[in-house]
Amino acid sequence: MSDQLLIEEAMAARSACYCPYSSFPVSAALLADSGKIYTGVNVENASYGLTICAERVAVGSAIAAGEREFKKLVVVVRGGGSPCGACRQVLNEFSPELSIIMVDELGKVRSHTTLSKLLPQAFGPQSL
Numbered sequence: 007m008s009d010q011l012l013i014e015e016a017m018a019a020r021s022a023c024y025c026p027y028s029s030f031p032v033s034a035a036l037l038a039d040s041g042k043i044y045t046g047v048n049v050e051n052a053s054y055g056l057t058i059c060a061e062r063v064a065v066g067s068a069i070a071a072g073e074r075e076f077k078k079l080v081v082v083v084r085g086g087g088s089p090c091g092a093c094r095q096v097l098n099e100f101s102p103e104l105s106i107i108m109v110d111e112l113g114k115v116r117s118h119t120t121l122s123k124l125l126p127q128a129f130g131p132q133s134l
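Here the sequence shown is numbered in this note's numbering, starting from 7 and rising by one per residue.
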């Protein structure tokens, strides 16, 4: 699976973002070990704390389909920002060495790293 295809999937999902309060769309494409791609978009709520990030929507879709291991995540956000701490923690539950590509709203790759670099010394299932 090429990075470009995953970026295109994440960019295409962007139009479905529900962000009437922040006007800050975020979309994601998650590549499962099976080769299937799961997309997600941020879903805001008038009660701001109930907003769901795009990365967690993608993970939820994948888990609901029976997936448990992931290879790569593309996140599309203005300026090419990284997943928030909550998303990092959820992703760590399944794939601590996940490859993460951060892309800006124009489709330009801004950064390519791993989850373990974004969440060093992570708390996970092995910590229990």
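Ideal placement from N, C-alpha and C gives every residue a C-beta, glycine not left out.
CB of GLY86 within 7 angstroms of CB of MET108, strictly: For the purposes of this step, residue 86 is taken as residue 80 along the sequence shown, with counting starting at 1. For the purposes of this step, residue 108 is taken as residue 102 along the sequence shown, with counting starting at 1. Taking 7 angstroms as the Cβ cut-off, GLY86 and MET108 qualify as a contacting pair.
Start-end ranges of the alpha helix (DSSP H) lying completely within the region 105–131, minimum 4 residues: 121–124
Minimum C-alpha distance to SER101 - residue among GLU15, VAL115, ALA60, PHE129: By one-based count along the sequence shown, residue 101 stands at place 95. When each option's Cα is compared against that of SER101, the closest is PHE129.
Given GLN65 as reference, the closest of GLU14, SER33, THR119 once Cα atoms are compared: Working through the sequence shown from its first residue, we reach residue 65 at position 59. The question names Gln, but residue 65 is Val in the sequence shown. It is SER33 whose Cα lies nearest to the Cα of VAL65.
Pick from LEU125, HIS118, LEU112, SER105 that is closest to ASP39, judged by C-alpha positions: In the sequence shown, residue 39 corresponds to position 33, counting from 1. Closest option to ASP39, Cα to Cα, is SER105.
For PRO126, the nearest candidate out of LEU134, ASN51, LEU97 (CA to CA): Position 120 of the sequence shown, counted from the start, is the residue given in the question as residue 126. Of the listed residues, the one whose Cα sits closest to PRO126 is LEU97.
Beta-carbon proximity check, VAL82 vs ALA18, cutoff 7 angstroms: As a working note, residue 82 is residue 76 in the sequence shown. As a working note, residue 18 is residue 12 in the sequence shown. No. Outside cutoff.
Exposed unless 16 or more other CB atoms sit within 10 angstroms - verdict on GLY46: Position 40 of the sequence shown holds residue 46. Classification of GLY46: buried, given that the 10 Å Cβ count is 16 or more.
Beta carbon of GLU61 nearer than 7 angstroms to that of PRO89: One-based indexing of the sequence shown puts residue 61 at position 55. One-based indexing of the sequence shown puts residue 89 at position 83. Yes.
Inside the region 42–94 only - beta strand (DSSP E) runs reaching at least 3 residues: 43–47, 76–83
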